[in-house]
Amino acid sequence: MNIGIIGSGTMGSGIAQVAATSGCKVKLYDTNQDALDKAKTALEKILNRLIEKGRIDDTEKNRIQNNISYVDNLKDLADSKLTIEAIVENLDIKKKVFSELETYVSDDCIIASNTSSLSIASIAASLQKPERCVGIHFFNPAPLMKLVEVIPALQTSKEVLEKSIQIISDWKKTVAVAKDTPGFIVNRVARPFYGESLRIYEEGLAEFATIDHSLKSLGGFRMGPFELMDFIGNDVNYTVTETVFAAFYFDPRYKPAFTQKRFAEAGYLGRKSGKGYYDYDENGRRVIQSDSEEPLNRDLAKQIFNRVLVMLINEAADALFLNIASAADIDNAMTKGVNYPKGLLAWADEKGIDWCVNKMDELYNEYHEDRYRCSPLLRKMKRENKTFF
Ligand code: NAI
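Here the working numbering runs 23 ahead of the position in the sequence shown, where the first position is 1.
Structure (structure tokens):
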């Protein structure tokens with residue numbers, strides 16, 4: 024199958040690798056020759072590393088490389104059956120590219136966007152045939168992360184949705200179908216992981232390292248929230264939070280934190296700038312400060328972990344309540360899109376729905392902020408003595 028990828032940056036080049044590995048013929052397009060060259064060199068490096076690890080051989084490397092051609096003319100994507108756009112997050116620019124693309128491709132070509140924060144309906148509206156538009160949202164790094172969110176817009180036809188799910192499943196990815204709402208599943212449900220941790224820090228309850236350590240040691244999260252924000256980049260993570268907050272008409276639950284804003288403004292972006300919540304050497308490795316070694320206060324750690332966890336569970340329950348996705352897809356999204364150790368709804372069952380409601384009410388009683396309102400679904404489940412699974 025011929026696939027066109029628009030934008031050869033971080034995401035576009037990763038998606039190209041996924042499609043090419045699955046045997047698709049990929050054309051990777053970018054307006055910037057430098058970006059195309061970089062994508063080509065980066066793939067060569069990645070494939071060499073896979074050879075070193077014994078995961079692929081030379082024949083496989085050649086096969087994957089031969090499946091990708093690097094093009095600088097949008098017209099070259101004319102024979103695509105599916106195009107996935109991964110360019111700058113700017114609606115006007117995306118719309119321009121899409122309306123031009125539509126003049127080249129055949130009527131049955133699916134036109135998808137990898138956008139993280141724009142509505143698929145708004146992108147689809149730029150097309151003559153909006154029913155062919157769908158959101159296909161990969162996670163970074165695309166070749167490693169199992170999850171892909173597929174998001175039908177209001178305009179998307181059933182056939183386009185089904186065909187997209189089929190193609191992405193053929194690429195050996197786990198599909199979670201999400202409603203076209205801000206943050207889709209992962210970027211909505213994951214907000215408290217960052218937001219509540221930042222809030223705990225801002226209240227002066229604990230330092231970054233203590234919060235990270237609590238969530239890792241008690242929750243089994245692979246990375247703590249501050250490590251993860253440093254990894255993603257405080258500029259990128261802050262922008263996602265701000266966008267989601269605005270898109271939800273300023274629901275206080277998604278309110279960004281000044282701490283992160285200041286870190287982004289100061290250029291303390293994290294790993295990529297050498298400094299974030301932690302310091303990094305020139306190879307992006309964390310410079311361990313001696314004060315991060317202090318022994319963990321178990322009670323404090325438990326308090327931190329429970330508070331962040333219940334906020335995450337509440338968000339996941341509310342996403343289900345509002346029909347953003349099925350319970351199975353919500354749990355899959357978090358385990359396969361951001362490597363959570365457990366699905367949040369399964370975690371809620373394990374902790375007990377009573378525990379979740381009581382914990383949320385405890386927070387609400389303490390703060391009287393709408394941010395801590397318990398999802399009506401959790402409350403109903405408690406009343407009816409139900410579990411998610
Ligand atoms: P990037 O900045 O690494 O790459 C964007 C590429 O698009 C650049 O190579 C640029 O030259 C090219 N480009 C810009 N305007 C263009 C145009 N008019 N025509 C053709 N090429 C153009 O960006 P990244 O991180 O790959 O993100 C791309 C998209 O993917 C965005 O919509 C973003 O929201 C989404 N996304 C990003 C994730 C991430 O973690 N970076 C995760 C999931 C989605």
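Where is the CB? At the ideal position from N, CA and C, for every residue including glycine. Please read these numbers as outputs of a predicted model, since none were measured by experiment.
Notebook entry, point to check: With which residues is residue 52 paired in a DSSP beta bridge?
Noted result: 29, 94
Note to self: My output table needs one value for residue 411: the three-state DSSP class, helix, strand or coil.
What the structure shows: coil
Item checked: Whole-angstrom distance between residue 212 and residue 349, CA atom to CA atom -> 13 Å
Notebook entry, point to check: From this set, 188, 193, 210, which residue's C-alpha is nearest residue 46's C-alpha?
Noted result: 193
Margin query: Mapping the DSSP letters down to three states, classify residue 396 as helix, strand or coil.
Written below: coil
Next item on the list: Identify which residue in 93, 320, 123, 385 has its Cα closest to the Cα of residue 395.
Entry: 385
Notebook entry, point to check: Just how far apart, CA to CA, sit residue 95 and residue 234?
Noted result: 46 Å
Next item on the list: With a cut-off of 8 Å on the beta carbons, I'd call residue 231 and residue 300 a contact; round off their distance for me.
Entry: 4 Å
Next item on the list: Just mark residue 56 as buried or exposed, buried being the case when its beta carbon has 16 or more other beta carbons within 10 Å.
Entry: exposed
Next item on the list: Starting from the C-beta of residue 203, find all residues in its chain whose C-beta is less than 6 Å away, skip the five residues before and the five after it, and write them out in chain order.
Entry: 142, 143, 144, 174, 176
Check: Tell me which same chain residues have a C-beta within less than 6 Å of the C-beta of residue 266, skipping the five on either side of it?
Finding: 140
Next item on the list: Apply the 10 Å Cβ neighbour rule to residue 71 and answer buried if 16 or more other Cβ atoms are within range, or exposed otherwise.
Entry: exposed
Next item on the list: Take every Cβ of the segment 208-224, pair it with every Cβ of the segment 360-367, and state whether three or more of those distances are shorter than 8 Å.
Entry: yes
Item checked: Residue interval of the beta strand (DSSP E) (run including residue 243) -> Element bounds for residue 243: n/a, residue is neither H nor E.
Next item on the list: Would you mind giving the Cβ-Cβ distance between residue 90 and residue 49, rounded to the nearest angstrom? I have them listed as a contact below 8 Å.
Entry: 6 Å
Check: Would you say the beta carbon of residue 146 comes nearer than 7 Å to a heavy atom of the ligand NAI?
Finding: no
Notebook entry, point to check: Which residues bound the alpha helix (DSSP H) around residue 188?
Noted result: 181-193
Check: Going by the C-beta, is residue 253 closer than 7 Å to any heavy atom of the ligand NAI?
Finding: no
Notebook entry, point to check: Excluding the five sequence neighbours on either side, which residues of its own chain have a C-beta within less than 8 Å of the C-beta of residue 353, listed in chain order?
Noted result: 199, 208, 212, 339, 342, 343, 347, 366, 367, 368
Notebook entry, point to check: Taking the alpha helix (DSSP H) that residue 293 falls in, what are its first and last residues?
Noted result: Residue 293 -> no alpha helix (DSSP H), and no H or E assigned at all.
Item checked: Cβ neighbours of residue 291 in the same chain (closer than 7 Å, five flanking residues each side left out) -> 257, 298, 299
Item checked: Among 331, 105, 36, nearest to residue 183 - alpha-carbon criterion -> 105
Next item on the list: Go through its chain and collect everything with a Cβ distance to residue 371's Cβ below 7 Å, but skip five positions before and after it.
Entry: 336, 340, 379, 411
Next item on the list: Please confirm whether any heavy atom of the ligand NAI lies closer than 7 Å to the CB of residue 112.
Entry: yes
Item checked: First and last residue of the uninterrupted beta strand (DSSP E) at residue 105 -> 105-108
Margin query: Can you give me the C-alpha to C-alpha distance between residue 1 and residue 331, rounded to a whole angstrom?
Written below: Residue 1 cannot be examined here, being either before or after the span of the chain that is shown, 24 to 412.
Item checked: For residue 199, the first and last residue of its enclosing beta strand (DSSP E) -> 197-200
Next item on the list: Give the single residue among 222, 120, 66, 219 whose Cα lies nearest to the Cα of residue 164.
Entry: 66
Notebook entry, point to check: So, using beta-carbon positions, are residue 31 and residue 62 closer together than 8 Å?
Noted result: yes
Checklist line | residue 103 beta carbon less than 8 Å from that of residue 117 | finding: no
Next item on the list: Please determine, among 302, 241, 41, 205, the residue with the shortest C-alpha to C-alpha distance to residue 328.
Entry: 241
Next item on the list: State yes or no: is the C-beta of residue 116 nearer than 7 Å to some heavy atom of the ligand NAI?
Entry: yes
Check: Of all the options 24, 54, 68, which has the alpha carbon lying nearest to the alpha carbon of residue 37?
Finding: 68
Note to self: Can you tell me whether residue 140 sits near the ligand NAI, meaning its C-beta is under 7 Å from at least one heavy atom of the ligand?
What the structure shows: yes
Check: Does the Cβ of residue 129 have 16 or more other Cβ atoms within 10 Å, making it buried, or fewer, making it exposed?
Finding: exposed
Checklist line | Per DSSP, the bridge partner or partners of residue 158 | finding: 136, 174
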